[in-house]
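Everything on this sheet refers to the single structure shown next.
2 protein chains.
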Amino acid sequence: MMLKGPVEWALHCCAILSGLQQGRYLATKDLAEFHGIPKEYLSKALQNLSKASILETSLGPRGGYRLAKLPDKITFLDIVEAVEGRHSTFVCTEIRKNNPCRETNIPDTGPCAVARVMWEADEAWRAHLKSVLLSDLLEAVKNEVSEELLLKSRAWISERP
Amino acid sequence: MMLKGPVEWALHCCAILSGLQQGRYLATKDLAEFHGIPKEYLSKALQNLSKASILETSLGPRGGYRLAKLPDKITFLDIVEAVEGRHSTFVCTEIRKNNPCRETNIPDTGPCAVARVMWEADEAWRAHLKSVLLSDLLEAVKNEVSEELLLKSRAWISERP
DNA sequence: ATATTAAGGATATACATTATCCTTAATTGT
DNA sequence: ACAATTAAGGATAATGTATATCCTTAATAT
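Printed below as a string of structure tokens:
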């Protein structure tokens, strides 16, 4: 499973869920409405976050999702990998094996040099995402969003049944 | 244009072209045969490398491709971006604007915090690819490929008309 | 009981990647 | 001049993946 748009949604949803009052859950319907995104498809992303123990759920009326951990225990990488999977951007198809000069019985000697470099780059990408916490995002949002919008949004969420 | 498999081919092709004798070109047909990949599609990748001034070409018999620069002047990023384009892996759809509490007339205040973090990760990815030169790859290949295979491959290429 | 909700399977739609084909113009060697 | 060879690039087909919707099931609060 390899999702693209849903990663953006998941990050924003986790940010919203961070502001939830103790003991409350927020339903997929509300998260979808708040972000203006398709509810059914968003649901798949949230299910992945739940499977990864980033969110926890409750069924029935007043059910929905909430964070399963504190925001300073959740990294961007946790969220991204939960939704996108752990595929690296580079896939090595071992074309070196097609070299017509090559003996067919050469034992495999680890990944080829090209793949190594590409995977190191992937690793650098992951390392950065691992270094940023959900709590860091909240801090940044606080600085770039007006106090008014912040309060209004919180109220909007509180008023959900 | 956004290619995936072709990036791998392009990197391997550049490595092969590095070993080419002075003044010679190698045709798409030969590069495709050596790597066991589709000639017509590989051609698209090579055209991109040519447009990016990484390769230079000659038409007619004994024509084909050769490097346009020395291997220590070509980075992995040069090759990857020439073939894949410069799209970042993360695309921000600005879902913050769908927030029902938001005034429609709020002036745009740069990229949102989520996008910034994701793009920083992309930047780390690019930075690594920029730090590795084609000449570094050649060095690594020399260490992991048997002397015999190296000579045989060079001979195979030399014998192309 | 009833309404509400997440989980998840099945399936349709849209889009991007991969691959092939064919024409054109340039170049080389005869 | 001529024939063979080659990159460039447009058009299009085939495939695969991402996106989106629908529907059923089981759990839960009131």
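Chains S and Z are the protein sequences, given in the same order.
Using the working numbering, read the first sequence as starting at 875 and increasing by one per residue.
Using the working numbering, read the second sequence as starting at 875 and increasing by one per residue.
Quick reminder that beta carbons are idealized off the backbone N, C-alpha and C, glycines included.
- Think of a sphere of 7 Å around the beta carbon of S/R976: the chain Z residues whose beta carbon falls inside it are L1023, in chain order.
- For the C-beta of Z/W993, not a single chain S residue is nearer than 9 Å; the gap to the nearest is close to 10 Å.
- Excluding its 5 nearest sequence neighbours in each direction, S/Y915 has C-beta neighbours in its own chain below 8 Å: P880, listed in chain order.
- Counted as a single uninterrupted DSSP element, the alpha helix (DSSP H) harbouring S/S892 occupies residues G879 to S892.
- Under DSSP, the beta-bridge partners assigned to Z/G938 are Z/S932.
- Taking 8 Å as the cut-off between beta carbons, the residues of the stretch 893-914 of chain Z near chain S are E907, F908, H909, G910 and I911, in sequence order.
- S/G897 and Z/V957 have their alpha carbons spaced roughly 50 Å apart.
- Excluding sequence positions up to five before and after S/S892, its CB lies within less than 6 Å of the CB of P945 and L1012, all in the same chain and listed in chain order.
- For S/L944, the secondary structure class from DSSP, reduced to helix, strand or coil, is coil.
- For Z/G879, a Cβ of chain S is located within less than 8 Å of the residue's own Cβ.
- No Cβ-Cβ contact shorter than 8 Å links S/R936 with S/L894.
- Using a Cβ distance threshold of 8 Å, Z/I953 and Z/L885 count as a contacting pair.
- Annotation for Z/E968: no alpha helix (DSSP H) segment contains it, and DSSP assigns it neither H nor E.
- Within its own chain, the residues whose Cβ lies closer than 8 Å to the Cβ of S/T902, once the five positions on either side in sequence are excluded, are K913, L916, S917, L920, G938 and Y939, listed in chain order.
- Counting of Cβ neighbours within 10 angstroms places Z/H961 among the exposed residues, the total staying below 16.
- Within the same chain, Cβ atoms closer than 6 Å to the Cβ of S/T963 are found at D996, the five residues on either side in sequence being excluded.
- For S/N922, no chain Z residue has a Cβ inside 9 Å of its Cβ, as the nearest lies near 17 Å away.
- Measuring C-alpha to C-alpha distances from S/I969 to each of S/C986, S/K1004 and S/E1018 identifies S/C986 as the nearest.
- Residue burial annotation: Z/T949 is buried, with at least 16 other C-beta atoms found within 10 angstroms of its C-beta.
- Pairing Z/G910 with S/K925, the inter-Cα distance amounts to about 41 Å.
- For the set S/T967, S/R1028, S/E907 and S/N922, the Cα lying nearest the Cα of S/R990 is the one of S/T967.
- In this structure, S/E994 sits away from Z/V988, with a CB-CB distance that is not shorter than 8 Å.
- Boundaries of the alpha helix (DSSP H) around S/T902: T902 to H909.
- One finds N973 and C975 in chain Z with Cβ atoms closer than 7 Å to the Cβ of S/S1027, taken in chain order.
- When only Cα atoms are considered, S/K1016 and Z/S1027 end up about 59 Å apart.
- Around the C-beta of S/E955, 16 or more other C-beta atoms lie within 10 Å, and the residue is accordingly described as buried.
- In this structure, S/A1001 sits near Z/A998, with a CB-CB distance shorter than 8 Å.
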